[in-house]
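> First the structure, which I've put down as structure tokens, then a few questions once you've had a look.
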Amino acid sequence: MKAAFRRPESLTDVQTHYCPGCVHGIVHRITAEVIDELDLQDRAVGVASVGCSVLAYDYFDVDFQQAAHGRAPAVATGIKRVRPDASVFTYQGDGDLASIGTAEIIHAAMRGEKITVIFINNAIYGMTGGQMAPTTLRGQKTTTSPYGRDTEHSGDPIRVCEMLATLPGAVYLERTSCHDARHIMQTKRAIKKAFEVQEKGQGFAMVEVVSNCPTNWGMTPRESLEWVEENMIPYYPLGEFRSPEEVE
Numbered sequence: 273m274k275a276a277f278r279r280p281e282s283l284t285d286v287q288t289h290y291c292p293g294c295v296h297g298i299v300h301r302i303t304a305e306v307i308d309e310l311d312l313q314d315r316a317v318g319v320a321s322v323g324c325s326v327l328a329y330d331y332f333d334v335d336f337q338q339a340a341h342g343r344a345p346a347v348a349t350g351i352k353r354v355r356p357d358a359s360v361f362t363y364q365g366d367g368d369l370a371s372i373g374t375a376e377i378i379h380a381a382m383r384g385e386k387i388t389v390i391f392i393n394n395a396i397y398g399m400t401g402g403q404m405a406p407t408t409l410r411g412q413k414t415t416t417s418p419y420g421r422d423t424e425h426s427g428d429p430i431r432v433c434e435m436l437a438t439l440p441g442a443v444y445l446e447r448t449s450c451h452d453a454r455h456i457m458q459t460k461r462a463i464k465k466a467f468e469v470q471e472k473g474q475g476f477a478m479v480e481v482v483s484n485c486p487t488n489w490g491m492t493p494r495e496s497l498e499w500v501e502e503n504m505i506p507y508y509p510l511g512e513f514r515s516p517e518e519v520e
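Heads up, the sequence shown is in the numbering used here, so the first residue is 273 and it goes up one at a time.
Structure follows, in structure tokens:
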């Protein structure tokens, strides 16, 4: 009997540590599918950030490097410049990329580093206990904002795609989601395009995936996906913010 569904070659055969309902596992799978489809496994080099994604190197069957908190773009830059033939990608959360790593991502994009960034935005610090992140929504309750994010005190949530879209070195920027099957397929297409941009040597590419965190949000998986659609996407609209066609 012909198999209709199987594990991608670029994904290891181990059980992940992610909480039930978290979409990290989905994004891992579709990223591995893209690596397989583009025949990149032997040349792919991933850079893991600090956060829930810190163990990504256990799940991808490609070369991987661990970076200090927020420094994945700098590490990826070094790898790509030493190994320009490699397909280099970072896998980062919002507490990593949009907080301690803000300078790193801005300057990597400004320089037009030929790397691919996969950015998971779940509006919270997931691994360390659910603290408020730079992407936490207005009024959203976290362990460090129990009454909800106060924008007078903490400012508004950062929209990373919109910020990087002002930089000439950013060639491809798209925000997607994985809250239903249709958007999962759109996310896969975006990640594939981001790797293709790198393969063509066009410049910096990033896909931001609006995600959930059912454990720290205190919701069921279904409730958390509905919350993404009803609350996160209105503030973080989906779509392309920079395309290679605009830059050419």
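Just so it is clear, CB atoms sit at the ideal spot from N, CA and C, and this is done for glycine as well.
#1: Go ahead and label residue 504 buried or exposed: buried means 16 or more other beta carbons lie within 10 angstroms of its beta carbon, across all protein chains shown.
#2: Does DSSP put residue 350 in a helix, a strand or coil?
#3: Please state whether DSSP places residue 448 in a helix, a strand or coil.
#4: Would residue 359 and residue 405 qualify as a contact pair, given that the criterion is a beta-carbon distance under 8 Å?
#5: So residue 308 is in the alpha helix (DSSP H); what residue range does that whole segment cover?
#6: For residue 375 and residue 275, what's the separation of their Cα atoms in angstroms?
#7: Can you give me the start and stop residues for the beta strand (DSSP E) that residue 362 sits inside?
#8: Please report the straight-line C-alpha distance between residue 372 and residue 457, rounded to a whole angstrom.
#9: Does the beta-carbon distance from residue 365 to residue 417 come in below 8 Å?
#10: I'd like the list of long-range same chain contacts for residue 298, defined as Cβ closer than 7 Å, with 5 residues on each side in sequence excluded.
#11: Which full runs of the alpha helix (DSSP H) of 4+ residues lie inside the segment 435-517, going along the chain?
#12: Runs of 4 residues minimum, wholly inside the segment 366-415: which ones carry the alpha helix (DSSP H) assignment?
#13: Only counting the same chain, and skipping five residues up and downstream in sequence, which positions put a Cβ closer than 8 Å to that of residue 513?
#14: Within the continuous alpha helix (DSSP H) that includes residue 328, where are the two ends?
#15: In whole angstroms, what separates the C-alpha of residue 477 from that of residue 292?
#16: Within 10 Å of its beta-carbon, does residue 480 have 16 or more other beta-carbons around it, so buried, or fewer, so exposed?
#17: From this set, 304, 388, 392, which residue's C-alpha is nearest residue 326's C-alpha?
#18: Inspect the beta-carbon positions of residue 471 and residue 310 and report whether they are closer than 8 Å.
Judging by the given coordinates:
#1: Label assigned to residue 504: buried.
#2: helix
#3: strand
#4: No, the Cβ-Cβ distance between residue 359 and residue 405 is not below 8 Å.
#5: Run containing residue 308: 296-309, per the alpha helix (DSSP H) assignment.
#6: 46 Å
#7: Here the beta strand (DSSP E) through residue 362 covers 359-365.
#8: Just so you know, the alpha carbons of residue 372 and residue 457 end up roughly 31 Å apart.
#9: No, these two residues do not count as a Cβ contact at 8 Å.
#10: 450, 456
#11: 453-471, 486-489, 493-499
#12: 374-383
#13: The beta carbon of residue 513 lies closer than 8 Å to those of 433, 434, 436, 437, 445, 446, 447 in the same chain, with the five residues before and after it left out.
#14: 328-331
#15: 29 Å
#16: buried
#17: Distance check between residue 326 and each of 304, 388, 392 places 392 closest, using alpha-carbon atoms only.
#18: yes
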